[in-house]
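Here's the structure we're looking at; comments come further down.
Numbering (full-length UniProt numbering), first residue to last: 1 to 151.
Next comes the structure, spelled out in structure tokens:
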């Protein structure tokens, strides 16, 4: 049985363990509704320039590192989708995570955004703020925030 209410679902991933519950939830909703799932990873370019100034020559190496991390994070979603026969498209963006997620959802006509409550921590959270909170506040699309597994 498919529900046409959700045709396109976006799951935001940062590759952290705490996002896995959100991925599982997004895959399950996509399976039930027959929706296409978009696995979106955002390279936070603003934080990189603060930590690694351009004149140090680190920018390219750090960007490549985060592209590889993004590929690994979105591959996890793709593999989870394959297991459940859910079509998944991986997307890697660069910019302010919350802004990029909101913009992608709007431009791609996403019906539901699924996110985890916990992700990167420490200095990354300090630099980026709470991505989930900013998406909830700024998105015109419905946002489902899934609490991650606590260890």
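No residue lacks a Cβ here, since even glycine has one placed at the ideal position from N, Cα and C.
Values in this document were obtained by computation on a predicted structure and should not be read as measured data.
query, result
"Quick one, are the C-beta atoms of residue 6 and residue 111 less than 8 Å apart?", "yes"
"Quick one, are the C-beta atoms of residue 135 and residue 114 less than 8 Å apart?", "no"
"Could you compute how far the alpha carbon of residue 9 sits from the alpha carbon of residue 140?", "14 Å"
"Just to confirm the assignment, what range does the alpha helix (DSSP H) spanning residue 173 have?", "Nothing can be reported for residue 173, as the shown portion of the chain is limited to 1 through 151."
"Between residue 123 and residue 96, what straight-line distance do the alpha-carbon atoms span, to the nearest angstrom?", "Below a pLDDT of 50, predicted positions are generally treated as unreliable, and residue 123, at 49, falls in that range; no measurement from the model is reported."
"Kindly examine the ligand HEM and report whether one of its heavy atoms sits closer than 7 Å to the Cβ of residue 64.", "As presented, the structure is devoid of all ligands, the ligand HEM included, so that no description of it is given."
"Residues in its own chain within less than 6 Å of residue 152 by CB, not counting five upstream and five downstream?", "Lying outside 1 to 151, the shown extent of the chain, residue 152 is not represented and no answer is given."
"Comparing alpha-carbon positions, which option in 116, 117 and 91 lies nearest residue 153?", "Since the first residue of the chain shown is 1 and the last is 151, residue 153 is not available in this structure."
"Report the partner residues of residue 116 according to the DSSP bridge assignment.", "146"
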